[in-house]
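In my numbering, the protein residues as written are 226 to 748.
Notes follow the structure.
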């Protein structure tokens, strides 16, 4: 999902960024390893052919070059064989040794039609969703840009923790910690970190599709597309697997308009060679919103542009020919349109709706502190004390005061919802929860809360739909799988309950209740 230095397409939070940091000690996983610092294998003369999966072309030149043979094997995902061929003291050998050290955690390898999927046993809860997303994304990209022809399928790997993903991606732990990168398309691989590594998970199916779009663009044209275009394409069309349209959360759009009003928009040229070199995480997030919306303006002729660049035309010249305008003129018109939309000063107060943000190993409590202003935090804290004591009416009054500060903040709206429900104001609670979701569509707890409200009102089908969206972010909630299964059973839909019970059993093989329910349903 995102990109740092052309060669590397990274995923940044629920959206992404790109970096160019090579690093990590193969033993400690803390210091940047010398093999990645030197990184000679990262800048090989044949890297363009390797990235595009043109093994036959490279193999002709590798007959007497063991190191090049090792590189080919590494790009094809055959790491042990690659290590045998690699020069013992080479940078590549150092990288492969570190890679093999945690590859044993991938105790599951699943061969799909167009991908090789590697993951650990616990991450098998992702399998059905990954199958749908990868197949749908490939089909969508083929219809849109033309079929992607490769000599062997790309490998898809799901990493269990930051240090392993940091090594495999060559980004390093510290870069991941500060940047929010959760996915990367590199070395003819699609690599992501498990959603379980984040407090609320993330839109993992969209992220895999995002990375595949990076991969597809690379196979079609190598490194010929500028960074802003690659990131815009991947961000704007990551929902193509579910035939979805571009989704820009209200918080991201609000931040864009504020930036336009305050002359803080990020120029395309500043995004090179990597978004990671922008001022901070907020500016990176802003850049992603900009390039995604740019794609909306360009979408009708994107296939023609991709074809032209894939055939060898320089991007800027191809852009001018296809769109009948220079790139710099297009960018200026785009920026001016956002300034007009901002209304010359009318966007003055932040609503509290969350912008795209995702950080590894950020707890729920820490995330709440990040997105609440001091006054709002104080009001919420006082309200929480009253709610715990059973004084829901007084708590609701304080939460309403907090809402005056940040009208669409999900941490405020979720508390209002719960207090309303506790006071028997069920219809009001449901409306507040729905408002929360509209303003914060990428905040997973909102879907669980909405499902609970539906369930409490006997609206089981609606509850199941809400929980299904929650699983699209966090598929590791065992209790919610069982809860959803039993709702299906209550509706007389026993066969629909089975997949949820099996997911619960993957997460906890010792769960006797789930095991017995499966046996009963399969009789």
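Beta carbons: idealized from backbone N, C-alpha and C, even for Gly.
The model shown is predicted, which means the values in this text are computed figures rather than measured ones.
Cβ pair residue i, residue j closer than 7 angstroms
| i | j | result |
| --- | --- | --- |
| residue 376 | residue 466 | no |
| residue 628 | residue 637 | yes |
| residue 580 | residue 480 | yes |
| residue 577 | residue 492 | no |
| residue 503 | residue 509 | yes |
| residue 604 | residue 623 | yes |
| residue 530 | residue 516 | no |
| residue 704 | residue 713 | no |
| residue 485 | residue 563 | yes |
| residue 688 | residue 679 | yes |
| residue 639 | residue 684 | no |
| residue 521 | residue 483 | no |
| residue 366 | residue 441 | yes |
| residue 283 | residue 297 | yes |
| residue 447 | residue 277 | yes |
| residue 459 | residue 473 | no |
| residue 299 | residue 307 | yes |
| residue 561 | residue 514 | no |
N-terminal and C-terminal residue of the beta strand (DSSP E) that residue i is part of
| i | result |
| --- | --- |
| residue 416 | 414-418 |
| residue 333 | 333-336 |
| residue 408 | 406-411 |
Spatially closest choice to residue i from the options, by CA coordinates
| i | options | result |
| --- | --- | --- |
| residue 345 | 482, 333, 628, 352 | 333 |
| residue 695 | 679, 672, 717 | 672 |
| residue 318 | 329, 397, 699, 291 | 291 |
| residue 535 | 331, 357, 371, 353 | 371 |
| residue 642 | 621, 556, 626, 475 | 621 |
| residue 382 | 407, 399, 596, 283 | 407 |
| residue 312 | 277, 559, 294, 524 | 294 |
| residue 428 | 740, 351, 711, 445 | 351 |
| residue 635 | 716, 647, 601 | 601 |
| residue 557 | 498, 499, 526, 490 | 490 |
| residue 742 | 443, 710, 716 | 710 |
| residue 409 | 449, 512, 390 | 390 |
| residue 304 | 287, 288, 315, 325 | 325 |
| residue 203 | 459, 402, 275 | Examination of residue 203 is not possible in this model, given that the chain is present from 226 through 748 alone. |
| residue 401 | 525, 550, 506 | 506 |
| residue 544 | 471, 450, 500, 512 | 450 |
| residue 651 | 677, 329, 270 | 677 |
| residue 724 | 660, 698, 283, 353 | 353 |
| residue 418 | 662, 698, 618, 728 | 698 |
| residue 700 | 532, 425, 432, 567 | 425 |
| residue 734 | 342, 349, 322 | 349 |
| residue 340 | 272, 423, 320, 416 | 416 |
| residue 302 | 321, 540, 533 | 321 |
| residue 682 | 653, 669, 670 | 653 |
Unbroken alpha helix (DSSP H) run spanning residue i, endpoints
| i | result |
| --- | --- |
| residue 714 | 703-715 |
| residue 284 | 280-284 |
| residue 694 | 685-696 |
| residue 288 | No alpha helix (DSSP H) holds residue 288; DSSP gives it neither H nor E. |
| residue 599 | 599-613 |
| residue 726 | 719-732 |
| residue 656 | 651-664 |
| residue 640 | 635-647 |
| residue 309 | 304-310 |
| residue 497 | Neither: residue 497 is in no alpha helix (DSSP H) and is coded neither H nor E. |
| residue 617 | 617-630 |
| residue 681 | 670-681 |
| residue 739 | 737-747 |
| residue 751 | Missing from the structure shown is residue 751; the chain here goes from 226 to 748 and no further. |
Residue i burial status per 10 Å Cβ neighbour count (16 or more: buried)
| i | result |
| --- | --- |
| residue 436 | buried |
| residue 614 | exposed |
| residue 730 | buried |
| residue 336 | exposed |
| residue 252 | Any reading at residue 252 must be qualified, since the residue scores a pLDDT of 30, below 50, and its modelled position is unreliable; the value itself is stated next. Exposed: under 16 other Cβ atoms inside 10 Å. |
| residue 610 | exposed |
| residue 398 | buried |
| residue 747 | exposed |
| residue 664 | buried |
| residue 599 | exposed |
| residue 420 | buried |
| residue 443 | buried |
| residue 254 | Reliability of the predicted coordinates at residue 254 is poor, the pLDDT of 33 falling under 50, and no value is obtained from them. |
| residue 314 | exposed |
| residue 606 | exposed |
| residue 595 | exposed |
| residue 455 | buried |
Below-7 angstroms beta-carbon distance, residue i vs any chain C residue
| i | result |
| --- | --- |
| residue 332 | Checking the listed chains, one finds no chain C in this structure; it contains a single protein chain. |
Threshold first: 4 residues or longer. Then list the alpha helix (DSSP H) segments lying entirely within the region 510-552, N to C. 527-535, 540-548
Alpha helix (DSSP H) runs contained entirely in the region 325-404, provided each spans 4 or more residues: 352-370, 387-394, 398-404
Whole runs of the alpha helix (DSSP H) within the region 429-488, excluding any shorter than 4 residues: 429-446, 452-461, 475-486
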